[in-house]
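Down below is the structure, laid out as structure tokens.
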Amino acid sequence: MNNSLQVKAVGITDSPELIDIEKPEQGLELHVGSNVFRNTNGVVKLQGKEQLVVETQPQPLALLLTMDLYDEQGTRIGHIRRNALSAHSAARFIINVKASSEAIQDENPSVTVADRTTGHTVFEACLMQKRKIRITVGNFYTHKGELVTVSPHYCRIGSGLTIFGDVVESRGSTAIIGSQ
12 MNNSLQVKAV
22 GITDSPELID
32 IEKPEQGLEL
42 HVGSNVFRNT
52 NGVVKLQGKE
62 QLVVETQPQP
72 LALLLTMDLY
82 DEQGTRIGHI
92 RRNALSAHSA
102 ARFIINVKAS
112 SEAIQDENPS
122 VTVADRTTGH
132 TVFEACLMQK
142 RKIRITVGNF
152 YTHKGELVTV
162 SPHYCRIGSG
172 LTIFGDVVES
182 RGSTAIIGSQ
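If you use our numbering, the sequence shown closes out at 191, no skipped numbers anywhere.
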């Protein structure tokens with residue numbers, strides 16, 4: 012048997028000029044505890060519901076947070092939209108934002124949410140590099156009333172799910188933690 016492979020050469024000489032196609036920027040890499048969610052759109056879905064979104068602002072370089080806050084019964088008690096607390100949330104929560112123009116040289120842009128009643132940090136994230144965001148602290152509830160705890164070593168939802176050391180390729184989609 013003689014199967015010869017025929018190849019037709021296609022050149023680019025027919026085109027008067029080359030077309031430069033700009034590649035889209037890669038998605039955000041989210042570090043949640045010791046877990047890494049690569050190429051996300053910045054949305055984090057907890058127990059089947061999109062509960063928080065992190066995004067970057069180029070000038071001045073800042074981290075933006077949109078988040079729903081719930082209590083242990085799953086009742087929504089607060090809302091943050093791009094670092095701005097809703098009117099009914101301002102009495103309960105305080106938000107601290109560090110942009111690159113305000114930050115000390117060794118500090119990265121960050122956003123921190125604290126509960127005024129307890130004084131505890133509810134959520135904290137910082138921009139490590141241009142497209143890498145680390146969620147460093149988390150002590151908040153899901154829409155189902157289960158406590159989410161984020162430490163440098165793990166991410167835990169309630170008493171049923173603890174993830175640590177996972178690397179997930181999100182393919183431009185949401186970071187999903189916990190089942191529906």
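Glycine residues also receive a C-beta, built at the ideal position from the N, C-alpha and C atoms. Because the structure is a prediction, the values reported are computed rather than measured.
- Here the region 69-89 lies against the region 127-137, with 3 or more beta-carbon pairs under 8 Å apart.
- Listed in chain order, the non-local C-beta contacts of residue 179 below 6 Å within the same chain comprise 48, local neighbours out to five positions each way being set aside.
- Around the beta carbon of residue 173, fewer than 16 other beta carbons lie within 10 angstroms, which makes this residue exposed.
- Remark: C-beta atoms of residue 146 and residue 157 do not approach each other more closely than 8 Å.
- Where residue 89 is concerned, the enclosing beta strand (DSSP E) starts and stops at 87-92.
- For residue 79, the enclosing beta strand (DSSP E) starts and ends at 73-81.
- Counting C-beta atoms within 10 angstroms of its own C-beta, residue 107 has fewer than 16 neighbours from the protein chains shown and is therefore classed as exposed.
- Excluding residues up to 5 positions away in sequence, 153, 155, 189 lie with their Cβ nearer than 6 Å to the Cβ of residue 58 in the same chain.
- Residue 170 and residue 187 have their C-alpha atoms spaced approximately 18 Å apart.
- Distance from residue 71 to residue 110 at the Cβ level is roughly 4 Å; contact confirmed, criterion being Cβ atoms closer than 8 Å.
- Cβ neighbours of residue 61 within its own chain (closer than 6 Å, five residues either side excluded): 54.
- Only residues of its own chain outside the window of five on either side were considered, and among them 164, 175, 176 have a CB closer than 6 Å to the CB of residue 45, listed in chain order.
- Of the candidates 37, 101, 184, the residue whose Cα lies closest to the Cα of residue 124 is 101.
- CA-CA distance, residue 183 to residue 39, rounds to 8 Å.
- Looking at the backbone, the Cα of residue 87 and that of residue 99 are separated by about 11 Å.
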